[in-house]
Amino acid sequence: MERNKIKRFFAVLIVLILVLFLVSGCISNTQGQHDKSFFAMDTVMTFRVYGDRSAKKAMNKAIDRIKEIESHMSSTHKDSDVVKINKAAGVEPVKVHDDTFYVIKKAVEYGKLSNGALDITIRPIVELWGITSDKPRVPSQEEIEEKLALVDYNKVVLDEDKKTVFLENEGMGIDLGAIAKGFAADEAVRILREAGVESALLNLGGNVITIGSNPDGRPWRIGIQDPRTEETGQPHFTIVGVTDATVVSSGDYERYIEEVYEKTGERYHHIFDPRTGYPAQAGLIACTIITSSSIDADALSTILFVMGREEGLKLIEGLDNIEGIAVTTDKEIYTTEGLKASLIPSNDNYRIVD
Ligand code: ADP
Ligand code: MG
Numbered sequence: 005m006e007r008n009k010i011k012r013f014f015a016v017l018i019v020l021i022l023v024l025f026l027v028s029g030c031i032s033n034t035q036g037q038h039d040k041s042f043f044a045m046d047t048v049m050t051f052r053v054y055g056d057r058s059a060k061k062a063m064n065k066a067i068d069r070i071k072e073i074e075s076h077m078s079s080t081h082k083d084s085d086v087v088k089i090n091k092a093a094g095v096e097p098v099k100v101h102d103d104t105f106y107v108i109k110k111a112v113e114y115g116k117l118s119n120g121a122l123d124i125t126i127r128p129i130v131e132l133w134g135i136t137s138d139k140p141r142v143p144s145q146e147e148i149e150e151k152l153a154l155v156d157y158n159k160v161v162l163d164e165d166k167k168t169v170f171l172e173n174e175g176m177g178i179d180l181g182a183i184a185k186g187f188a189a190d191e192a193v194r195i196l197r198e199a200g201v202e203s204a205l206l207n208l209g210g211n212v213i214t215i216g217s218n219p220d221g222r223p224w225r226i227g228i229q230d231p232r233t234e235e236t237g238q239p240h241f242t243i244v245g246v247t248d249a250t251v252v253s254s255g256d257y258e259r260y261i262e263e264v265y266e267k268t269g270e271r272y273h274h275i276f277d278p279r280t281g282y283p284a285q286a287g288l289i290a291c292t293i294i295t296s297s298s299i300d301a302d303a304l305s306t307i308l309f310v311m312g313r314e315e316g317l318k319l320i321e322g323l324d325n326i327e328g329i330a331v332t333t334d335k336e337i338y339t340t341e342g343l344k345a346s347l348i349p350s351n352d353n354y355r356i357v358d
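Using the numbering used here, read the sequence shown as starting at 5 and increasing by one per residue.
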């Protein structure tokens, strides 16, 4: 009798353990929300991914991929492709990683399309102003002219077979700050999709990219940052609803020389006009691109900001499935035709112009 009791006790125990296993397995396989914030590419990135444990794994893989891209494309990381290319300017071609080659090739294509509004050889100007360093300053006209002579995307020589990049003149340098985050966003999305993720919202320091829709089936609602939030007290100037899209913004509010701004009200920001060597002043304080590919959106948002409303929106209007928003210094909002009906006003300080 005693033995039977013990046997029964163990049988029940085993069944209980099995049930526990099954239940915990089910729980971890149901749709969960996975969030992560981290610092990469000089900015804070926030990921929200929906799915089971494999989605969480894919999220970590995507983050590792972003760090890998950063290690190739950073202008400061020791041994990055970009640092090597810049060191070898005027001396010899440098063999680079496929990713770096792809991004530089894209950037040069956008350089041509925009007639040099996007020019990755802007590095000597970026360094002169020290805008991404902790000691920014307003340089003299003479200094600007000297460095400007080194800026020319036509002098980036690419060898597709050898995967080499060569800058023709000594002193030249490239900076992928205007486009690398877009590439990183596309890669993160590719990894998540390949792992079966159907719903995600990634924010790479203001470059937003989404997979599918919100888990409740509605489009993701993306608030676009108010470029004058300190004046208006509002976080966004409009909200857009998107599925499977990227929303990338550029503006004079992201990075500027604060000491000079506080003294004079003049905003020397981080997006340069490659024709003048000064921060771009084409009448805009912010702009946004909405499309499917984030590398395209990143390039085009910088281009729109440098070109300004008329020329910039005209260029975007001529491209397929790409929408743009331009916010002027007068706080007027202009958009491409495709967005006209759908823009939701969310802030009285701005006026949407039809
Ligand atoms: P953010 O990096 O804030 O999202 P952008 O995508 O517009 O903004 O990129 C700005 C960065 O690109 C600058 O910090 C600088 O490194 C670089 N840059 C500035 N002006 C240009 C330009 N005209 N063409 C190419 N790169 C630029
Ligand atoms: Mg950009």
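Glycine included, C-beta positions come from ideal geometry on N, C-alpha and C.
Closer than 7 Å to a non-hydrogen atom of the ligand MG - does that hold for the CB of residue i?
i: isoleucine 183; result: yes
i: serine 305; result: yes
i: aspartate 277; result: no
i: aspartate 302; result: yes
i: serine 254; result: yes
Can you tell me where the alpha helix (DSSP H) holding residue i begins and where it ends?
i: leucine 304; result: 298-311
i: histidine 76; result: 57-77
i: glutamine 145; result: 145-152
i: leucine 206; result: Careful: leucine 206 lies outside any alpha helix (DSSP H), inside the beta strand (DSSP E) at 203-208.
i: isoleucine 124; result: No alpha helix (DSSP H) contains isoleucine 124, which DSSP labels as neither H nor E.
i: arginine 197; result: 184-198
i: aspartate 324; result: Unbroken run through aspartate 324: none, as it is neither H nor E.
Count the other CB atoms, across all protein chains shown, that sit within 10 Å of the CB of residue i; report buried if there are 16 or more and exposed otherwise.
i: alanine 153; result: exposed
i: valine 179; result: Checking the sequence, you will find aspartate at residue 179 rather than valine. Buried is the call here.
i: isoleucine 348; result: exposed
i: glycine 210; result: buried
i: glutamate 327; result: buried
i: isoleucine 325; result: The identity of residue 325 in the sequence shown is asparagine, whereas the question assumes isoleucine. Its Cβ having fewer than 16 others within 10 Å, asparagine 325 is exposed.
i: lysine 185; result: buried
i: arginine 127; result: buried
i: threonine 268; result: exposed
i: alanine 188; result: buried
i: asparagine 353; result: exposed
When you measure from the CB of residue i to every non-hydrogen atom of the ligand ADP, does any distance come out below 7 Å?
i: glycine 177; result: no
i: glycine 210; result: yes
i: histidine 274; result: yes
i: valine 371; result: Lying outside 5 to 358, the shown extent of the chain, residue 371 is not represented and no answer is given.
i: threonine 136; result: yes
i: valine 86; result: no
i: arginine 57; result: no
i: leucine 288; result: no
i: arginine 52; result: no
i: alanine 192; result: no
i: isoleucine 126; result: yes
i: valine 107; result: no
i: valine 310; result: yes
i: alanine 189; result: no
Measuring alpha carbon to alpha carbon, tell me which of the options ends up nearest residue i.
i: glycine 120; options: Glu341, Ile356, Ser298 and Thr280; result: Thr280
i: alanine 290; options: Ser298, Ile299 and Arg271; result: Arg271
i: aspartate 103; options: Arg232, Asp85 and Ser298; result: Asp85
i: glutamine 145; options: Leu304, Leu317, Pro283 and Ile299; result: Pro283
i: glutamate 315; options: Val212, Leu304 and Ile275; result: Leu304
i: glutamate 131; options: Val112, Ile326, Asp165 and Met176; result: Met176
i: glutamate 198; options: His81, Ala59 and Ala44; result: Ala59
i: glutamine 37; options: Met45, Thr50, Leu162 and Gly55; result: Gly55
i: arginine 69; options: Val193, Gln238 and Thr236; result: Val193
i: serine 411; options: Ser296, Leu317, Thr247 and Arg57; result: Outside the displayed range of the chain (5 to 358) lies residue 411, so it cannot be described from this structure.
i: threonine 136; options: His273, Asn353, Thr292 and Asp358; result: His273
i: threonine 47; options: Ser78, Lys61, Asp39 and Met63; result: Ser78
i: serine 157; options: Lys139, Glu72, Leu171 and Tyr106; result: Here residue 157 is tyrosine; the residue named in the question, serine, does not match the sequence. For tyrosine 157, the nearest C-alpha among the options comes from Leu171.
i: isoleucine 293; options: Thr233, Gln229 and Asp352; result: Gln229
For residue i, report the span of its beta strand (DSSP E) as first-last.
i: leucine 378; result: Residue 378 lies beyond the residue range present for the chain, which begins at 5 and ends at 358; the question has no answer from this structure.
i: glycine 115; result: Glycine 115 -> not in any beta strand (DSSP E); alpha helix (DSSP H) instead, spanning 102-117.
i: glutamine 267; result: Just to set this straight, residue 267 is lysine in the shown sequence, not glutamine. No beta strand (DSSP E) holds lysine 267; the alpha helix (DSSP H) holding it covers 262-268.
i: alanine 44; result: 36-44
i: threonine 233; result: Counting along the chain, threonine 233 falls outside any beta strand (DSSP E), though it belongs to the alpha helix (DSSP H) covering 233-236.
i: phenylalanine 170; result: 168-171
Note down, in chain order, each residue of its chain lying with its Cβ closer than 6 Å to the Cβ of residue i, except the 5 sequence neighbours on either side.
i: serine 350; result: His240, Thr242 and Ile243
i: alanine 204; result: Val53, Leu196 and Ile215
i: alanine 111; result: Ile124 and Ile183
i: asparagine 207; result: Thr50
i: methionine 5; result: Note that methionine 5 has pLDDT 49, beneath the 50 cutoff, so the model's placement of it is unreliable and the number below is only indicative. Closer than 6 Å at the Cβ level, and outside the excluded window around methionine 5, lies no residue.
Under 8 Å Cβ to Cβ from residue i, same chain only, skipping five residues before and after it: list those, please.
i: asparagine 173; result: Ala93, Gly94, Leu154 and Lys159
i: histidine 76; result: Ser84, Asp85, Val86, Val100, His101, Asp103 and Thr104
i: isoleucine 129; result: Ile148, Lys151, Leu152, Val155, Phe276, Pro278 and Gly281
i: leucine 317; result: Leu308, Gly328, Ala330, Tyr338, Thr339 and Thr340
If you drop the 5 nearest sequence neighbours on each side, which residues of the same chain put their C-beta closer than 7 Å to that of residue i?
i: glycine 312; result: Ala286, Gly287 and Leu288
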